[in-house]
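Visitor: Numbering-wise (my numbering), the sequence shown opens with residue 427 and increments by one. Every residue gets a Cβ at the ideal spot worked out from N, C-alpha and C, and that includes glycine. The following block contains the structure, expressed as structure tokens.
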Amino acid sequence: MRNYMLPVLFILSLAAADPVDTAYLVLDAIQWQDGYRLEDLLSEDLYLTVVQFLDQARDLAEADPVLAENMLNQRYNGRITVEDITNMNNQDLIGKLLGEVNLPSADGVERESANLQGRNAAVVLFWPGGGSVSFQMVWENSDWHVTDSSILHGLFN
């Protein structure tokens, strides 16, 4: 019986236990520019919003590649190109966009604040010197998922 429980316990250990854990997992995904991991941490609604943003960028790149390239250069300082938009899958493109986020290491977080209300949570992580990042989350599909974040606002709006 014990041998059968080990895989179950391992799978349970992979799930974020609370919203603060999820916030740290998002920071890890950003640090490693892991679009696949970030996709798993976003709520269904937020992920659909990100996909719509990427689809609009692809549509613009197809309709007017020069305008699209200029907008990408202006917004992402040349880090994202029309070629990236048209040739990369969503997860790889999200990972590349995460390279635009400039945050201190998660190891340097000085304190955390979490407020839970039913199936919703608000988490703020604070670094020394006054820097912070906020997350709004929802309990969805048996785990905490990000519905909004001060980090992601600048990338996908």
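Less than 7 angstroms between C-beta atoms, sequence neighbours within five positions excluded: which residues of the same chain meet that for H571?
Guide: Taking the first residue of the sequence shown as 1, we reach residue 571 at position 145. For H571, where only same-chain residues beyond five positions count, the Cβ hits under 7 angstroms are L467, L468, S469, M563, V564.
Visitor: Tell me the rounded alpha-carbon separation between L438 and D569.
Guide: Within the sequence shown, numbered from 1, the residue matching residue 438 stands at position 12. Within the sequence shown, numbered from 1, the residue matching residue 569 stands at position 143. A caution first: L438 carries a pLDDT of 45, below 50, which makes its placement in the model too unreliable to give a value.
Visitor: Note the first and the last residue of the continuous beta strand (DSSP E) segment covering L542.
Guide: Within the sequence shown, numbered from 1, the residue matching residue 542 stands at position 116. Where L542 is concerned, the enclosing beta strand (DSSP E) stretches over 537-543.
Visitor: Which whole runs of the beta strand (DSSP E) in the segment 480-548 are 3 residues long or more, in chain order?
Guide: DSSP runs (the beta strand (DSSP E)) wholly in the segment 480-548: 537-543.
Visitor: For S576, which three-state DSSP category applies?
Guide: To locate residue 576, count along the sequence shown from 1; it is residue 150. If DSSP states are grouped into helix, strand and coil, S576 belongs with the helices.
Visitor: Measure the alpha-carbon distance for H579 versus D485 and round it to whole angstroms.
Guide: For the purposes of this step, residue 579 is taken as residue 153 along the sequence shown, with counting starting at 1. For the purposes of this step, residue 485 is taken as residue 59 along the sequence shown, with counting starting at 1. Distance between the alpha carbons of H579 and D485: 21 angstroms.
Visitor: CB A586 to CB I511, shorter than 8 angstroms?
Guide: Past the boundaries of the shown model lies residue 586; the chain is included only from 427 to 583, so the question cannot be answered.
Visitor: With distances taken from CA atoms, which of G504, V477, A487, G557 is nearest L529?
Guide: Your numbering for residue 529 matches position 103 in the sequence shown. It is G557.
Visitor: Going by DSSP, what residue range makes up the beta strand (DSSP E) through Q562?
Guide: In the sequence shown, the residue the question calls residue 562 occupies position 136. Run containing Q562: 558-566, per the beta strand (DSSP E) assignment.
Visitor: Note down, in chain order, each residue of its chain lying with its Cβ closer than 6 angstroms to the Cβ of Q462, except the 5 sequence neighbours on either side.
Guide: Taking the sequence shown and counting its residues from 1, the one referred to as residue 462 is at position 36. It should be noted that the sequence gives Tyr, not Gln, for residue 462. For Y462, where only same-chain residues beyond five positions count, the Cβ hits under 6 angstroms are Q517.
Visitor: Which of helix, strand or coil does DSSP assign to D460?
Guide: Translated into the one-based positions of the sequence shown, residue 460 becomes position 34. Correct three-state label for D460: coil.
Visitor: At the 8 angstroms Cβ level, is Q457 part of the contact set with chain C, yes or no?
Guide: Within the model displayed, chain C is absent; a lone protein chain is all it includes.
Visitor: Per DSSP, what kind of secondary structure is D569 in: helix, strand or coil?
Guide: As a working mapping, residue 569 is identified with position 143 in the sequence shown. Reduced to three states, the DSSP call for D569 is strand.
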